[in-house]
Amino acid sequence: ASSTSPAALPPFFMRGSIIQLADGELKRVEDLRTEDFIQSAEISSELKIDSSTVERIDCSPTPNAVVIQFAVGELKAQVCVEVLVEYPFFVFGQGWSSCCPDRTTQLFELSCAKLCVGDVCVSLTLRSLR
Amino acid sequence: NVEPRSVPVFPWHSLVPFLAPTQTD
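Residue numbers (this note's numbering), protein chains in the order written: chain U, -11 to 118; chain F, 299 to 323.
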């Protein structure tokens, strides 16, 4: 499989990356907890936390990618996204998870769990959205 | 002498996706 060029990878998932929470606290990406996102969203005037439940994970015609169907928010809006298999999502109460944890660890040095149907992921939405 | 080097700091909201279908007020 073609290895993704480092330039294409978002730098903030690299182990050791410094993340600033809404209250100004600095944490490493691998040390983030569910409450860090919840408390940051509570402080934010524009953003709020949504919970997005994984309903399906299907192969994609794009190499090294999958199509994930989520049920998003209170209204369970159906949303499909295509992501690289190593893309990490933050699962409530579990932490970083991806469709191919070994590849995530290989590319980001970020250890994570296997993303499964039924997992509830942290996502964001604007407070102004209906 | 060790030159001080800047370390990038990323905002918390860049790590989680916006998935909600968009329709603003």
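Where a beta carbon is used, it is the ideal one built from N, C-alpha and C, also for glycine.
query, result
"Please check if any C-beta of chain U sits within less than 8 Å of the C-beta of Val300 (chain F).", "no"
"Consider the Cβ of Ser304 (chain F): report whether some Cβ of chain U lies at a distance smaller than 8 Å.", "no"
"Kindly list, in the order they appear in chain F, the residues whose Cβ is closer than 7 Å to that of Thr113 (chain U).", "Phe316, Ala318"
"Does the stretch 91 to 108 of chain U come into contact with the stretch 41 to 49 of chain U, if we say contact requires no fewer than three beta-carbon pairs (one atom in each stretch) closer than 8 Å?", "yes"
"Going by beta-carbon coordinates alone, are Val69 (chain U) and Leu313 (chain F) separated by less than 8 Å?", "no"
"Answer yes if the stretch 71 to 86 of chain U comes into contact with the stretch 11 to 29 of chain U, meaning at least three C-beta pairs across the two stretches below 8 Å, and no otherwise.", "yes"
"Take Leu112 (chain U) as the anchor and find which of U:Glu30, U:Ser86, U:Phe96, U:Glu74 has the nearest alpha-carbon.", "U:Glu30"
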